[in-house]
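Asker: Handing you a structure now.
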Amino acid sequence: MDIAAIKKDVHGIILQSNIIPQDAILKDDTLLNEYGVDSVGIVELIISIEEKYDFEFSSNELNLKDFETVNSISLLVHKLVFHNKENI
Amino acid sequence: MKHNIKPIVNEYYSCHQGLLATYASYQKREYDMIFSESWGFKYQKEDQPFGMSLDPDYQNRRELLLEKFHGIKVLDKLYTEKNGLIDIVQSKLPQSPIILHCDVFDCPWNISYQRNHIDHFILIIGISDNFRQIYILDPYSNKDENTVDIANIAPASGEIGCFMTLPMVNLKTEDYLLEINNSLDHIDNTGFFKNLENFYNDFQIRFEEVMLSEYTDVYAIPLIINLRRIANQRYCYCIFLNKMISKNLLVPSILSMMESIAEKYGLLRILLIKQIMKKKSNKECSDIITEIMSKEYEVYEKMKLFKQ
Numbered sequence: 202m203d204i205a206a207i208k209k210d211v212h213g214i215i216l217q218s219n220i221i222p223q224d225a226i227l228k229d230d231t232l233l234n235e236y237g238v239d240s241v242g243i244v245e246l247i248i249s250i251e252e253k254y255d256f257e258f259s260s261n262e263l264n265l266k267d268f269e270t271v272n273s274i275s276l277l278v279h280k281l282v283f284h285n286k287e288n289i
Numbered sequence: 260m261k262h263n264i265k266p267i268v269n270e271y272y273s274c275h276q277g278l279l280a281t282y283a284s285y286q287k288r289e290y291d292m293i294f295s296e297s298w299g300f301k302y303q304k305e306d307q308p309f310g311m312s313l314d315p316d317y318q319n320r321r322e323l324l325l326e327k328f329h330g331i332k333v334l335d336k337l338y339t340e341k342n343g344l345i346d347i348v349q350s351k352l353p354q355s356p357i358i359l360h361c362d363v364f365d366c367p368w369n370i371s372y373q374r375n376h377i378d379h380f381i382l383i384i385g386i387s388d389n390f391r392q393i394y395i396l397d398p399y400s401n402k403d404e405n406t407v408d409i410a411n412i413a414p415a416s417g418e419i420g421c422f423m424t425l426p427m428v429n430l431k432t433e434d435y436l437l438e439i440n441n442s443l444d445h446i447d448n449t450g451f452f453k454n455l456e457n458f459y460n461d462f463q464i465r466f467e468e469v470m471l472s473e474y475t476d477v478y479a480i481p482l483i484i485n486l487r488r489i490a491n492q493r494y495c496y497c498i499f500l501n502k503m504i505s506k507n508l509l510v511p512s513i514l515s516m517m518e519s520i521a522e523k524y525g526l527l528r529i530l531l532i533k534q535i536m537k538k539k540s541n542k543e544c545s546d547i548i549t550e551i552m553s554k555e556y557e558v559y560e561k562m563k564l565f566k567q
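Structure representation (structure tokens):
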């Protein structure tokens with residue numbers, strides 16, 4: 202799965218989870234906290250991503266800095282979920 | 260009249276620390292030594308429900324530290340009725356912005372407005388010509404200037420603080436080193452490590468009640484909020500450590516150890532939120548608390564080498 206497809210998924214997950222206003226314009230580099238997303242919102246997002254891709258972040262992968270934008274989240278998911286699989 | 264003040268916004272500062280930093284910056288003074296009181300850990304074993312009594316356990320010396328190291332004195336004053344408060348604001352505001360002790364329940368710009376009662380501090384920076392509205396800075400909640408009717412925000416009686424800027428005095432190295440002693444004495448005198456151990460032991464048997472309870476405002480939220488406060492105060496203590504390192508009074512490794520502790524508290528909090536949401540616990544959190552205990556002890560032992 203390529204980064205563009207993951208970004209599309211992440212956009213969808215964020216919009217569905219109601220952690221940002223429905224009318225918000227979310228760009229790939231928009232900081233989620235600009236829309237008032239707090240750490241509870243980030244954890245909701247983490248759980249939704251885990252469910253979507255059927256995996257679980259380990260504690261050393263849970264750095265909140267990686268969950269600031271669609272870009273950073275997508276890169277992390279790509280690295281953890283798909284990069285490893287593609288290398289098998 | 261209104262003071263033109265730029266708020267100092269820092270996600271790690273408590274509401275009160277944010278106001279002291281904002282005023283110090285307005286006076287072009289530093290404020291990093293106020294964070295030397297930030298290293299602590301309080302937990303009452305008998306507490307019901309679990310996690311509610313967790314506390315960063317400051318030394319409560321920040322105003323003294325601000326005066327000693329940065330030449331800014333806070334003069335506390337009580338008022339007994341709202342008209343009395345308006346009189347004080349009118350007379351004191353031309354010389355100094357005013358710290359008002361209030362409740363977030365009454366702050367329209369705060370997320371807890373009309374929802375939760377939490378003690379709060381805000382900075383009155385101005386008052387309208389008809390003396391009804393006040394202009395507020397609350398860098399803990401937002402970076403904007405807020406306007407509110409004084410009658411709607413001030414408690415019927417309460418406490419305010421005015422600032423006085425004093426000439427700077429020359430401080431000696433011993434003055435700074437004394438704060439290492441104060442930190443270590445605070446750790447010793449408040450049962451810091453016993454509190455951590457009690458928290459760890461209770462966590463093993465009582466986290467389930469937090470996870471399964473429907474009363475999140477009584478169980479989950481206090482635990483999560485208090486852990487954030489502790490994590491934030493570790494980052495604040497790092498500001499003090501950094502200052503000491505810049506004066507060659509401590510070694511840099513102590514700072515990186517403390518930063519790592521702050522990160523661990525933050526990670527613990529995130530994992531707990533996740534477990535509460537999923538209603539599924541695992542051993543990971545206990546391991547992180549054990550790691551925190553060991554790292555806190557390591558810093559304590561290392562700091563002791565610099566005690567006078």
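So the sequence lines, in the order shown, correspond to chains A and B.
Using my numbering, the first residue of the first sequence is number 202, and each one after it goes up by one.
Using my numbering, the first residue of the second sequence is number 260, and each one after it goes up by one.
A virtual CB, placed ideally from N, CA and C, is assigned to each residue, including glycine.
Treat the numbers as computed from the prediction; the structure is a model and nothing was measured.
Could you pull out every residue in the same chain whose Cβ sits closer than 7 Å to the Cβ of Y435 (chain B), ignoring the five residues on either side in sequence?
Answerer: M503, K506 and L508.
Asker: Within the same chain, show all residues whose beta-carbon is closer than 8 Å to that of V428 (chain B), passing over the 5 residues directly before and after it, in chain order.
Answerer: Excluding sequence neighbours, V428 (chain B) sits near G330.
Asker: Run through DSSP, which three-state label would G299 (chain B) get?
Answerer: Here G299 (chain B) sits in coil by DSSP.
Asker: Please name the residue in B:Y282, B:Q303, B:Y285 and B:Y317 whose C-alpha comes closest to that of S295 (chain B).
Answerer: When only C-alpha atoms are compared, the closest one is B:Y317.
Asker: For a contact defined as C-beta to C-beta under 8 Å, what are the partners of S260 (chain A) on chain B?
Answerer: Ordered by position in chain B, the residues that pass the 8 Å Cβ test against S260 (chain A) are L526, L530, E543 and I547.
Asker: Anything in chain B within Cβ reach of E245 (chain A), meaning under 8 Å, just list it in chain order.
Answerer: Per Cβ cutoff of 8 Å: M536.
Asker: In chain B, which residues lie with their C-beta within 9 Å of the C-beta of V241 (chain A)?
Answerer: Within chain B, the residues near V241 (chain A) are I483, I532 and M536.
Asker: Which word fits M423 (chain B), buried or exposed, when buried means at least 16 other C-beta atoms lie within 10 angstroms of its C-beta?
Answerer: The residue in question, M423 (chain B), is exposed, as its Cβ has fewer than 16 Cβ neighbours within 10 Å.
Asker: Ordered along the chain, which non-local residues of its own chain (more than five positions away) have a Cβ less than 6 Å from that of H279 (chain A)?
Answerer: Correct list, in chain order: I204 and I207.
Asker: By the criterion of Cβ-Cβ separation under 9 Å, what are the contact partners of L263 (chain A) in chain B?
Answerer: By Cβ distance, chain B contributes L526, I529, L530 and K533.
Asker: Can you list the residues of chain B that I248 (chain A) reaches, using a CB-CB cut of under 7 Å?
Answerer: Those within 7 Å of I248 (chain A) in chain B are K533, M536 and K537.
Asker: Would a C-beta distance cut-off of 8 Å place P315 (chain B) and I484 (chain B) closer than the cut-off?
Answerer: Going by C-beta atoms, P315 (chain B) is not nearer than 8 Å to I484 (chain B).
Asker: List the residues that DSSP assigns as beta-bridge partners of I250 (chain A).
Answerer: None, per the DSSP bridge assignment.
Asker: Exposed or buried, H284 (chain A), counting other C-beta atoms within 10 Å across all chains shown (16 or more means buried)?
Answerer: Its Cβ having fewer than 16 others within 10 Å, H284 (chain A) is exposed.
Asker: Along the chain, where does the beta strand (DSSP E) that runs through M423 (chain B) open and close?
Answerer: From DSSP, the beta strand (DSSP E) with M423 (chain B) extends over G417 to T424.
Asker: Counting along the chain, where does the alpha helix (DSSP H) carrying D444 (chain B) start and finish?
Answerer: Element bounds for D444 (chain B): T432 to N448.
Asker: Based on the DSSP secondary-structure assignment, which residues constitute the bridge partners of V333 (chain B)?
Answerer: B:F422, per the DSSP bridge assignment.
Asker: Which of the three DSSP states, helix, strand or coil, is assigned to A359 (chain B)?
Answerer: Correcting the residue identity first, residue 359 (chain B) is Leu in this sequence and not Ala. Residue state, collapsed to three classes: strand.
Asker: Give a yes or no on contact between the segment 379–391 of chain B and the segment 352–370 of chain B, applying the rule of three or more CB pairs nearer than 8 Å.
Answerer: Contact between the segment 379–391 of chain B and the segment 352–370 of chain B is present, because at least three Cβ pairs lie under 8 Å.
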